[in-house]
Each structure stands twice: as structure tokens, then as C-alpha cells.
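Residue numbers (the working numbering), protein chains in the order written: chain G, 1 to 228; chain B, 1 to 544; chain X, 1 to 321.
The C-beta atom is built at its ideal place from N, Cα and C for all residues, glycine as well.
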Amino acid sequence: MADHVNLEHATGMAHQFENLDQQQDADMLGIWLFLVTEIMFFGGVFASYAIYRWFYLPAFEGGSHILDIRLGATNTIVLLGSSLTMALSVRSAQTGNRRATVMFLILTMILGGAFLGIKGVEYHQKFVEHIVPSLDWAPEGKVLAELAPGGLQHAELYFIFYFAMTGLHALHMIIGMGLLLWLVLRARKGAFTPHYFAPVEVVGLYWHFVDIVWIFLFPLLYLIGGRY
Amino acid sequence: MSTALLEPRVQAPRNYLNAEYGWKSWLFTLDHKRIALLYMVSITVFFLIGASFAALMRIQLLSPQGELVQPETYNKLFTLHGIVMIFFFLIPSIPAVLGNFLVPLMVGARDLAFPKLNLLSWYIYVVGGLFTLFAAIAGGVDTGWTFYTPYSSTYSNTQVTAVAVGVFITGFSSILTGLNFIVTIHKMRAPGLTWFRMPLFLWAMYATSLIMILGTPVLAITIFLLAIEHLFHVGIFSPALGGDPLLFQHLFWFYSHPAVYIMILPSMGVVSEIIACFSRKRIFGYRVVAFSSVAIAVLGFLVWGHHMFVTGQSVYAGLVFSLLSFLVAIPSAIKVFNWTSTLYKGSISYDAPMLYALGFIGLFTMGGLTGLFLASLATDVHLNGTYFIVAHFHYIMVGGAVMGYLGGMHFWWPKISGRLYPNGWAAFAAVIIFIGFNLTFFPQFVLGYLGMPRRYAFYPAEFQVLNVMSTAGASVLGVGYLIPLIYFIWSMRYGPVAPKNPWGATGLEWQTASPPTTENFAEIPVVTQEAYAYSEAEQEVNLG
Amino acid sequence: MTFLALFLFQSLPLQPEQASTIAQSVDHLYYFITLVTLFFTCLIFFLIFYFMIKYRRRSPGERPKAIEGSLPLEIMWTAIPTLIVAIIFIWSGRLYFQNSVAPPGSMEIVVTGKQWMWKVEHPEGQREINELHVPLGRPVKLTMTSEDVIHDFYVPAFRVKKDVLPGRYTSLWFEPTKTGTFHLFCAQYCGAFHAGMIGSVVVMEPRAYERWLAGGVHGESPEAAGERVFKESGCSTCHLADGSGPGPSLNGLYGHSVKLSSGQTITADDAYIHESIVLPAAKIVEHYQPIMPSFQGQLTEEQILNLIAYVRSLGSVTGKQ
């Protein structure tokens, strides 16, 4: 029993596995399966959004026009950048470069934070414009003119989906930030070696997935209004 | 076999039960076997809660006017009965208790792939359960376990959000369990244990886990959207606010139909193990049974629309879902024929696990065949929303899944506890349960065709005789369930010590001590035989 | 098990009366599936008992020979169930398909479900609560909607059932073959008094029905009621008959194609008219401005159904008045 514990501390291998390779394999399969569950989770709300967009096209296009496409595009680039830094962090761990691993993880966190900040600005804007469903729904002026033709009720439905989908995405980002912080703390203590860096890879995959969800969200919510 | 009482601390060898003592060693354990026991206690508690609600319902239905409780209370009773039994008993039962205990043993590993996630899944389950219990105490929920909108989102003023949160949270317990099993079965099989040498219980756990990870997230997002609608009075599923109530039904049933296969596939796996052991024969058509499990899991995702035949959806959609619903019955039928054929020229013994397994085959056959009435569009129009549906799913869930769970508990109890239970009482209880079950639920088929709708707190007098019969049967069934509870607890202190392999069964789990040590195997075994090697294994298997 | 039940309780009815044209054919299909169920149940029970006894363990050391399986058997017990379910599917599907379309010339009755009662309106204006009087021997088509949650209109004796949904219309039809009073149940849980949302369908001889119609309290016909609401709610202000007003003329609209400002073309059916009243902004007719106010909350479902009847009476593609 004690042997197992020492082995675990030394190599990062848990006692139920026979060798590090098996553990690595298991970790990878585990995270991929988890990502499949996330696809099903987001898939449900994406499908519902698609159905309502088909029913209420004018209202949803109106809602889409209100969103700030520059902020959305900026966020897209920010997230893509963060996926790059994340991948570089995994590579650094794989090559045993502790300082680079930590640096890239921190960069990823900064970019993730930037994304959340911009998202916060966008959410604030919705309150300013009074287009937050149920909590502050009283569109006026230009916003009202944009939303009224499609029907205000269905426009509210659009914004419910806007907040639900981006909100769930942001929640996943926040959890990701927590995971990144955990990795930074472990990496600084030298926990990762070229033989054992599975946690970095696992969080990396999670982060890439959250990025991909945004890659779908951005066109579906911001671009599909077609205003060019 | 010695029946003398043993003092556990003096003579019992070190095993997972006595390796450590104290509440911390249980609540912070990473040992899959201890986690299985944590689940066992929790699901038993929830089963008793759910059964109490059922008892009150059946008493209410003794009289047509229904004078026991107010209709509003009755509506809360059937809602909570459904929610507790489905999400907190049936779905976890075999996977979280028997699966957690046996999957590592059967693959020849020391634990599951992710022991910490395993413990986390139990905590998640408990938290979800607490939310639901809170909802039950703080006023209850009266939407039906199906939560149809707009009633649940806009009209009901009961604890919808609390229960939604509870079910949402518990779903993650299911997902983590399934994830753990899939990775363990893929990556941790002992040397020599190829896919087609695995016991069929593992195939069943694998197929179940596929459904758990693919289906449960859809329930999660559906419940999430429902909770938003209820809390913020927005219109996702409520037409008065712009939404579509049928969208809710599609999303809900997309998970909840596969969920019924989560509830039955594990029992089928248990039955395969028991039939093989107590006929001393390899399961007839092993590969066919294995593939059928996976086929059921896959096809099960394609039939959800059969819950919506009378919603006014397109006739063509109805035809497609009807055809697929008929097709999903075929693999189950194939399994029943294969199990029955296993008995042919076997060497059959009548121990309690076998009685449960045989009872399962009979009752599952009946329940499954009554599904034909419901897959058939023209008859489903008449039967939907009536007691026929209630009878159909109870035949499968109780006559099938619960009997399978009890059979499995009786089969592996010596391994889990290191003790034997009195076989006479066990056989008696099995028979009582079988009889009580049929008395309870068979009359409900007749009630359904006569037209008595379900979820009625009171009913026209002409339905009373059959309702009284059903309640009488339920009291017999209740007694039947209490008996194993008593002797299992009794056996933990007073039961004869169990040998390694009391039933003479094949399978890696029977090669460990009863109960096993914490690490399961001193050395990882190497598998050289096919599963169910009963006829060749004359030397290896200890007949006890 | 079924035999036992049948034998012991012969005085107990096992099915409701057959009181509609389709009831017997549904029952025949039911009997067939019951036979299939009985056959396989008995077969499996018999085989299990027989094998259990014939192959019971006779000595502790018994080691039966292994039998892997049998491909011919697997094929047989896959093919035969598949064939049987195919038969049931085709039989049932055809019956369902046939029953899904109301015969032409059906008497059209409007039903509104609300917690916890059924409101019925006859074409002659007769209104009922929790009761539906119909004449023998004539098909009846119900157009139904809910004012609140999902309900379900179920008449076991006719073997018909259909959900009743808020915000849309569903329909079912039946032709009674017997006079009498038959249960009407709500079969979709709808809240506290779901069990109390029951009533009766009363089938009368045609003459008796006429007398009932004539003798009762006369309401307006749905078309007349609709015309009154049309004027009282101000619809006539914009929807001038000659189309010169701010809103399109409704003459000849019903059943016609309508071109929308979004480019889509849709058919002016009941659902479209309902939507145009409660959510006019959703679909704007080409060349018109989105200025119609919503009447949601101001008109009941009944009033909207009456308006639809009125619009229909203004002429449709089929020329029905």
C-alpha cells in the first residue's frame, strides 16, 4: 500500500493502473467521453434555438442585428488565441519546459479573462438597452424599431436563448479558468514531466472544446442575421 | 460448511469491510466496493420513500371518491413517486451498486479508472437527493415526473425549481458513473480478457453507460431551460409567452425514453450471469446477446416519439416512430429466447437468485409484449394516458428491473458481505414478490383498456373492483420486499460465513475472497478461458 | 395469467362498449396483439417450467455439455418476431391513417378545454359544458384548443383520443353507432382537478337530437358570434371588405395562399388566423405595414374560434359558405 503511494507521488501514477501509459490512455478516453456529453448538452439548446429561429425568423434576425458584431469578433480572436497559448502550454509540458508551461498557462488565463471581460461589457450593454428578458425588458428607440417588426415576444425569446447559450458558455469558461489556475499551481511545483503531463492535456482538450462551442455560437447568434 | 458464528475481528481475514473503521474511512473512501455500499444504502432509503408514496396512492384508490388525501396531495404523491423511483432508485440501482462493485472485479482490475470521480458521483447523487427531499417536504411537486409544460413552467405553484435542480444535479452522478465504466472496460481489462470473453454483465454495463453519457446531458439542458422558464416567467415552452410545449416533450423524451433502457439493460446483464451459473452452462448465443445489448442502446435513441402519438404530430412522424418502436423490441425478444435456450440440457438449481432471474424472464416477456399494444398506433390512441401504460411500465420496471436488482443482490451478496442468507426465506420472498406483483399490476391492464385514465385521484365507481384487487396485491408485494431487507441485515451479523465461491460460478470476481480485499487481486489475473466455462472448469471452480 | 383472469372474472367487463364505427376494428387489432402476447407468454412460461423440471440438477457434480448457440435458431427467432411486428405495424398503421382523416360532410363542433372543464359549441350555436350531444350515424369532427395547459379529449367507447393544446388546434373525428351516454375523460394530467375534468358524450336518435337542439337555449351560430366580435373589437375598421383599408380584405381569404413581406408564401388556415390575431407581427402580408395591434389577452379562445368561423364564411377556395 505504501509502495503504491510513493510510486504515485513520484510518477503521478494512480494505484489502479499498471503503468503510466495505461493511465494516460484512460485519461484521454475519459476527457473525450466527457466532451461528448458536453456536445449533447449544448446540442440540446442549439437544436431548440435552431427550431425557434426557423419558426420566428424575422424576430431572431432582428435580435441578431442588435448584437455588437465587433465585440463578438474580437472575442472570437481572443479565444482562438487562448487555444493557441493552451496548445503551446501542452507542448511545453511535453518537452519538459516548466517555465514555458507556466507562462503559456498564464497567458491563456489572461486571454480567457479578456473574453469574460468583453462578455461582461456586452451583458452590461443589454441592461443599458433594456433588453434583458424578464429582468429588464423594455426596449425603446432604435432597439425597439429593430425588434418590433418580428414581434417583441419572439424577440424576447431570442434574447432568452442569447443569455442562456452565452451564459452557459461563460460558466464553462469560468470553470476552465479555475482549472487553469490549478494547473499553474501544480506546474510551478514541477508536477509535470515529459512522462506525466496528462492533466495539462486534459484541461487543454476541455479548453479547446469550450473554444469550439464559441466558434458555433458566434455565427449562430451574431452573424446569421445577415446584414452585409 | 461451518455455520458457527465467527467473531469478525478475531478471525476474519483482512478485507475491504474491515480494512479501516470509522465514518471518515467510509465517507472519504476511494474503494469502489465501499462506494457501492454507500450507494446501496442511499438507494434503499429512496426506494422506501418512493414505496411509501405508492402505498398511500394505492390506499387512496381503494375507494372511487378517494377520501384518503386531497386531489392536490394525490397529485404530489404520484409525482414524487415517479421522480424518486426513477431518478433516485431505478437509474442508479444496478449500475451504482452492482456495477461499481463488480466492474473492476470482473475486468480484473484493482479499481475503476477514476476512483475520485466515483466518490464524487455519490456525493452528487446525495446532494441531488437532498434537493428533492427538500422539495417534497417544503410543499411537494405536482407536475407528474414528466413535467409537461406549460403546466409545470407557468401554472404549477409547487416546488418545481427545487426538484428541477435536484434532478439536474443527480444527472451528473449518472454521467460520471457511465464515463467511469466505459473507460474501465476499454482500458483496464486484464491480460487475455478480450471483448468476447467478457461476462455479459459487462456488456450490459457498457451499453447502459453509452446511454447514460449520451442521453443524460439532454435531460440536463431540458430541465435547465424548464427551470429558467419557471423562475423568470419567460416563454421557452409556454405558448402564452411565445414558446412551444411540444418542443419540451421532444427534448424530455429524447432522454427519458433511452432512460428506460438504462433501467432495464443492467438487469438483463444480471440475468445472464445468474442463468449461466444456475444452469451450469454458457449462455446460449453469447455474441448475439452481447450485440443485442448494444443494439437496444442504439435503437433506444430513435423511438422517443411514441410517447407523443396523440399530441397532434404528423401522421407520418407517427408511422416512423411506430416502426422503430417495433424494431427495438426485437433484440429484447432475441435475448429472452437465448436465455430460455440456455436452460435446455442444463443442470438447473433453484436457489433464490435463479428464482428471481426466471421471474424476470417471465415478467419482462409480459411487459415487453404489452409494449406492442403501445407501439401500434391505432391501439395506442385508445391506451395512451390510461392505466394500461402504468401497468406496462411497471411490468418492466418492477417485474423486470427490480427483480433483476434483487436477483443480483442475492447472487453477489456472499461476495459483497462475506455472509450467506437463509435460502428458504429468500425463495419464499421471491415467490411472494412474484405473486404480489402480478396481483398488483395485472388488473391495471384491464383498467386501462376499459378506459380509466392515469393520474386520477378519484374515478368512476365502475372501476373500483379492479382497483381494490390492485391495492390488495400491493400489500402482498410490500410484505415480499420487506423480507429480504430483514434477512440481509440479519445475515451481516448472524449469517454463515461465505466461502470464496458458494455458487460454483465462473468469473474473476469469484476468484477473490468473500469479501474481497481492498486491492481486489494480489496479482492481476491472466484470463485464458471463454466466459461461462462451466463444462471445462471441472478443476478450477470450487463447488463449495 | 390472462386465462386465469378471464376465467375467474367472467362477469367483469374487459373492454368498453363499442360505440363508434372504428371501435370494432380497433378491438380486432387489440385481440390479435393479445393473442400474440398470450402465445409468447405461454410459450416462454411453459418452456421455463418444463426445462426447470426436466433439467433440474440431479447430482452436485453435474457438468452439462456446453452449447454455443445455433445460427438457424437465431435467424428463426429473429425472423418470426420481425414478421409478426411487421404485420401489426402495417395493420395498425393503415387503421391509424384511415382514422386520421375526418370524412367529408362531418358535423363540425368546436371544443375548448380549460382547467377543469370542457366547453363545447355546436354549429347552430348550442353551447354545452362537460357534455357533448351528437346525433347517431353522422360523423362528427371536433376542432379543439386549450385555454391554459395541455388536456386530452378521450372517449373510450369510441376509441378516440387527442391532446388539446394551448396556442394551436388539434382535431379528432368519430361516427357514433349506438345511442347512449358515454364517458368523456381528460387523459393528460392538467393539475389539481384533472380527475374531475370528465363529462359525457350523449348520442341521440337524429330526431331526438333535432328536438334537443331546438329546445335548448339558443346561442348565436359561431359565424354570427364571430361577426359580432369582428365589429365590436374594431377589426372591421381596418379590414375593409374592398381592401381599401390599412389591413387586407378577408373576403375569400380562408384556405387561400398568402404572400408575406418576408417572401414566404403560406396558406391561410385556422392556425394562421389565430396567430394573426394574437401575434400579428409574426407574419405581415406583402405590401402592408406592421401596424395591427395584438389581441392576446383581450379575446378568449372561444371568441377567436368564432372569428375563424366568420372569416371562413366570407368565402374560401372551395366556395364553402
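query, result
"Have a look at Ser-491 (chain B) and Arg-58 (chain X) and give me their C-alpha separation to the nearest angstrom.", "29 angstroms"
"Identify whether Lys-119 (chain G) lies in helix, strand or coil by the three-state DSSP scheme.", "helix"
"Classify Tyr-21 (chain B): buried if its beta carbon has 16 or more other beta carbons within 10 angstroms, exposed otherwise.", "exposed"
"Look at the alpha carbon of Ala-225 (chain X) and the alpha carbon of Thr-143 (chain X), and state the distance between them as a whole number of angstroms.", "17 angstroms"
"Contact check, Tyr-196 (chain G) vs Leu-20 (chain G) under 8 angstroms by CB: the rounded distance?", "6 angstroms"
"Kindly say whether Ser-134 (chain G), judged by its beta-carbon, lies nearer than 8 angstroms to any beta-carbon of chain B.", "yes"
"Check whether the Cβ atoms of Ser-174 (chain B) and Ile-91 (chain B) lie closer than 8 angstroms to each other.", "yes"
"In terms of DSSP beta bridges, what is Cys-235 (chain X) paired with?", "For Cys-235 (chain X), which the question treats as bridged, DSSP gives no partner whatsoever."
"From what residue to what residue does the alpha helix (DSSP H) around Gly-199 (chain X) run?", "Element bounds for Gly-199 (chain X): not the alpha helix (DSSP H) but the beta strand (DSSP E), 199 to 204."
"Should Leu-217 (chain G) be flagged as near chain B, meaning a C-beta pair shorter than 8 angstroms?", "no"
"Alpha carbon to alpha carbon, how far is Met-292 (chain X) from Ile-284 (chain X)?", "9 angstroms"
"Let me know the secondary structure DSSP gives Thr-517 (chain B) once reduced to three states.", "coil"
"Taking the beta strand (DSSP E) that Met-117 (chain X) falls in, what are its first and last residues?", "117 to 121"
"When you compare only the Cα positions, how much space is there between Phe-97 (chain X) and Gly-167 (chain X)?", "25 angstroms"
"Say whether chain G places a C-beta atom closer than 8 angstroms to the C-beta of Ala-214 (chain X).", "no"
"What are the uninterrupted segments assigned as alpha helix (DSSP H) that are 4 or more residues long and contained completely in the segment 42 to 125 of chain G, given in chain order?", "57 to 66 and 69 to 94"
"Please classify Ala-164 (chain B): is it buried, with 16 or more other beta-carbons within 10 angstroms of its beta-carbon, or exposed?", "buried"
"Please decide whether Ala-2 (chain G) counts as near chain X, where near means a Cβ-Cβ distance under 8 angstroms.", "Confidence at Ala-2 (chain G) is low in this model, with a pLDDT of 47, below 50, so its placement is unreliable and no value can be given for it."
"Give me the chain B residues within the contact set of Leu-157 (chain G), using Cβ-Cβ distance strictly less than 9 angstroms, ordered along the chain.", "Val-234, Gly-235, Ile-236, Leu-241, Gly-242 and Gly-243"
"So, using beta-carbon positions, are Thr-451 (chain B) and Phe-153 (chain X) closer together than 8 angstroms?", "First, the amino acid is wrong: residue 451 (chain B) is Gly here, not Thr. Their beta carbons are not under 8 angstroms apart, which means Gly-451 (chain B) does not touch Phe-153 (chain X) by this criterion."
"With Ile-291 (chain X) as the anchor, note down where its alpha helix (DSSP H) starts and where it stops.", "No alpha helix (DSSP H) holds Ile-291 (chain X); DSSP gives it neither H nor E."
"In the DSSP assignment, what residue or residues form a beta bridge with Gly-113 (chain X)?", "X:Trp-118 and X:Ser-146"
"By the 10 Å Cβ neighbour count, where 16 or more other Cβ atoms means buried, how is Cys-42 (chain X) classified, buried or exposed?", "exposed"
"Mind checking Asn-157 (chain B): buried by the 16 CB within 10 Å criterion, or exposed?", "exposed"
"If you measure beta-carbon to beta-carbon, which residues of the segment 16 to 37 of chain B are closer than 7 angstroms to chain X?", "none"
"Give the secondary structure of Cys-190 (chain X) by DSSP, where H, G and I count as helix, E and B as strand, and everything else as coil.", "coil"
"Which residues of chain G have a Cβ atom closer than 9 angstroms to the Cβ of Ser-20 (chain X), listed in chain order?", "In chain order: nothing, as chain G lies at least about 36 angstroms away."
"Cβ of Thr-112 (chain X) less than 8 angstroms from any chain B Cβ?", "no"
"So, at 8 angstroms on beta carbons, what are the nonlocal neighbours of Leu-16 (chain B) in its own chain, with the 5 sequence-adjacent residues on each side left out?", "Per the sequence shown, the amino acid found at residue 16 (chain B) is Tyr instead of Leu. Only Asp-31, Lys-33, Arg-34, Pro-515, Pro-516, Thr-517 and Thr-518 meet the Cβ criterion."
"Compare the C-beta of Thr-512 (chain B) against all C-beta atoms of chain G and say whether one is closer than 8 angstroms.", "no"
"Among X:Val-120, X:Thr-21, X:Tyr-169 and X:Gly-137, which has the Cα closest to the Cα of Leu-246 (chain B)?", "X:Tyr-169"
"May I have the straight-line CA-CA distance separating Trp-364 (chain X) from Leu-102 (chain B), to the nearest angstrom?", "This structure gives no information on residue 364 (chain X), because the portion of chain X shown stretches from 1 to 321."
"Could you tell me whether the Cβ atoms of Phe-252 (chain B) and Thr-222 (chain B) are closer together than 8 angstroms?", "yes"
"Tell me whether Phe-197 (chain G) sits in a helix, a strand or coil according to DSSP, three-state version.", "coil"
"Would you say Asp-211 (chain G) faces chain B, with C-beta separation under 8 angstroms as the test?", "no"
"Which residues, in order along the segment 275 to 295 of chain X, keep a beta-carbon less than 9 angstroms from a beta-carbon of chain G?", "Leu-279, Pro-280, Ala-281, Ala-282, Lys-283, Ile-284, Pro-290 and Ser-294"
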